[in-house]
Structure formats: C-alpha cells, structure tokens
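Numbering (our numbering), first residue to last: 5 to 215. For reference, the structure discussed in these notes is given below.
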Amino acid sequence: MYNILFNGSTEAKHIFILAHGAGSPMDSNFMNALALNMASDNLLVIRFEFSYMQKRRQGIKLFPEKLEKLIEYFISIINFIKDKYKDKYIWIGGKSMGGRVACHVSNIINVRGVIVFGYPFHSLKKPYKVRCEPLSEEGPQILIIQGDRDKMGNRSEVIKYELHKKVQIVFLAGGDHSFLTLKKSRLAQMDLIELASKKANNFINKTNYNF
5 MYNILFNGST EAKHIFILAH GAGSPMDSNF MNALALNMAS DNLLVIRFEF
55 SYMQKRRQGI KLFPEKLEKL IEYFISIINF IKDKYKDKYI WIGGKSMGGR
105 VACHVSNIIN VRGVIVFGYP FHSLKKPYKV RCEPLSEEGP QILIIQGDRD
155 KMGNRSEVIK YELHKKVQIV FLAGGDHSFL TLKKSRLAQM DLIELASKKA
205 NNFINKTNYN F
C-alpha cells in the first residue's frame with residue numbers, strides 16, 4: 005500500500021511525481037511548501053513515501069534502502085500512477101536523495117523530464133566521491149535547482165563537473181541543501197522554495213522532449 009498525497013487538479017495535463025529526501029517525510033515543511041507552490045489546474049503534484057519512511061511512521065527506525073530498491077519502488081509508483089491517470093505527461097523528481105533516484109529512474113522508464121531540488125552530488129563525509137552517473141547518460145531533460153552554498157555540491161564544485169547536455173542547473177543565491185539562507189540574506193527559505201517552484205513550472209511548460 006502506498007502513502008500518497010495529491011495537490012492540484014486531477015484534470016491536469018501534466019503530473020509531477022515528487023519524492024522526499026533521505027531524512028524527512030513527504031509532508032515535511034519543505035515538501036508541503038514545494039507541492040503547494042507548484043500545483044495548479046495544469047499540474048497535479050503527487051507525493052509518495054519510500055517503504056522505509058512509511059515504516060518510520062510506525063515507530064520503526066530504518067535507514068533508506070539500497071539505491072536499487074529505491075529505484076524499483078519509484079518505478080512501481082510511476083506504473084501505478086500511469087495506470088490510474090491515462091494519457092498524462094509524467095514528470096518525476098524529488099528533494100536530494102529522491103531527486104537522485106528520479107534521475108536513475110529516468111534512464112530506465114519513459115518520463116517527460118526530471119526536476120531535482122538539491123542534488124546530492126556527494127556525501128558530506130566523502131566530497132571526493134561524486135555521484136554523477138545518471139547525469140552523464142542519455143535520457144530526458146533534467147533540471148537541477150541547487151543552493152549555491154549546498155554542502156553536497158556548491159556552485160564552485162558543480163560548475164567543474166562534466167555533465168550531459170541534457171542537464172540544466174539553476175543556482176539559488178544564498179541557499180544551502182534545503183534552501184535555508186543566512187540571517188544577512190534578504191531572502192528566506194520560503195522565498196527560495198517559491199522561486200524554485202517557479203523555475204520548475206517554467207521548465208515543465210517549456211520543455212519539449214521528443215520520445
């Protein structure tokens with residue numbers, strides 16, 4: 005049984021399947037704000053939880069499954085939604101880990117495009133071990149919206165990576181991995197989430213990928 009949340013119109017032409025990060029559930033403040041800002045009459049945002057996160061709600065403390073299991077689960081969600089909503093344009097993405105998994109999934113199953121909010125280019129403890137595999141292969145267009153202070157891939161690091169031409173990166177000034185800003189910044193986290201939502205919606209509206 006899937007844990008799923010819906011925002012937007014079920015009559016929308018486009019569906020965006022949004023996955024959470026490793027440590028926070030689908031209804032965290034970040035995810036709530038993102039889904040509410042993105043949803044519209046033309047875009048249905050569907051959030052879900054990986055199985056380990058569902059079990060956390062039952063008081064069972066678990067770490068995320070291995071990448072292969074997360075990919076498999078994400079694909080099962082996509083197939084479930086495709087069966088439920090016929091003839092829709094399917095977009096996928098997520099925050100951090102959820103976005104990374106979405107990038108891998110996009111190289112396996114047909115989707116319109118991918119949107120990542122804070123790609124984890126490397127772990128905090130191993131900055132030398134870069135996770136760019138799904139960003140170097142053929143596939144649909146990918147938009148990465150990244151805080152320029154992100155400790156899992158800041159601007160000075162990311163601009164040096166050799167990524168496939170399908171990948172677009174937008175940096176949010178002052179944002180960290182969760183788009184939190186410094187006190188001296190004129191923009192707060194919610195301002196950056198709103199800006200990220202607009203960038204994501206523009207990407208969906210403008211991307212024309214031919215299967």
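Think of the CB as a built atom: it goes at the ideal place given N, C-alpha and C, for glycine as much as any other residue. Everything numeric in this text was worked out from a predicted model, so none of it was measured.
When you compare each of the options to residue i by their alpha carbons, which one comes out closest?
{"i": "residue 5", "options": "19, 20, 56, 92", "result": "56"}
{"i": "residue 241", "options": "47, 30, 62, 106", "result": "Absent from the model: residue 241. The displayed extent of the chain is 5 to 215, so no value can be given."}
{"i": "residue 19", "options": "44, 129, 140", "result": "44"}
{"i": "residue 76", "options": "46, 62, 110, 93", "result": "110"}
{"i": "residue 137", "options": "166, 160, 65, 16", "result": "166"}
{"i": "residue 61", "options": "28, 129, 135, 133", "result": "28"}
Would you list the residues sitting across from residue i in a DSSP beta bridge?
{"i": "residue 51", "result": "9, 22"}
{"i": "residue 176", "result": "151"}
{"i": "residue 97", "result": "22, 119"}
{"i": "residue 171", "result": "146"}
Since residue i and residue j should fall inside the 8 angstroms C-beta cutoff, what is the C-beta to C-beta distance between them, to a whole number of angstroms?
{"i": "residue 51", "j": "residue 39", "result": "6 angstroms"}
{"i": "residue 26", "j": "residue 127", "result": "In fact, because the Cβ distance is near 10 angstroms, the residues do not count as touching under 8 angstroms."}
{"i": "residue 175", "j": "residue 150", "result": "6 angstroms"}
{"i": "residue 181", "j": "residue 122", "result": "5 angstroms"}
{"i": "residue 125", "j": "residue 157", "result": "3 angstroms"}
{"i": "residue 7", "j": "residue 30", "result": "7 angstroms"}
{"i": "residue 13", "j": "residue 24", "result": "With 8 angstroms as the limit, residue 13 and residue 24 do not qualify as a contact, their Cβ atoms being about 22 angstroms apart."}
For residue i, which residues in the same chain have their Cβ closer than 6 angstroms to its Cβ, ignoring the five residues on either side in sequence?
{"i": "residue 211", "result": "117, 145"}
{"i": "residue 68", "result": "26, 56"}
{"i": "residue 91", "result": "none"}
{"i": "residue 78", "result": "105, 109"}
Just to confirm my understanding: we take residue i, look at its own chain, exclude 5 residues before and 5 after, and list those with CB closer than 8 angstroms. What are they?
{"i": "residue 95", "result": "18, 19, 20, 21, 115, 116, 117, 118, 119, 208"}
{"i": "residue 213", "result": "Note that residue 213 scores 45 on pLDDT, short of 50, meaning its location in the model is unreliable; the coordinates nonetheless yield the value given after this. So the list reads 116, 117, 144, 145, once near-sequence residues are dropped."}
{"i": "residue 178", "result": "151, 152, 153, 185, 186, 189, 191, 196"}
{"i": "residue 215", "result": "For residue 215, the predicted model reports a pLDDT of 37, less than 50, meaning its position is unreliable; a value from the coordinates is still stated below. Result list for residue 215: 114, in chain order."}
{"i": "residue 140", "result": "166, 167, 168"}
Go through its chain and collect everything with a Cβ distance to residue i's Cβ below 7 angstroms, but skip five positions before and after it.
{"i": "residue 42", "result": "20, 49, 201, 204, 205"}
{"i": "residue 198", "result": "41"}
{"i": "residue 173", "result": "148, 150, 162"}
{"i": "residue 10", "result": "48, 50"}
{"i": "residue 74", "result": "54, 68, 105"}
Handout entry: Minimum length 3: unbroken beta strand (DSSP E) runs contained in the stretch 35-86
Key = 47-52
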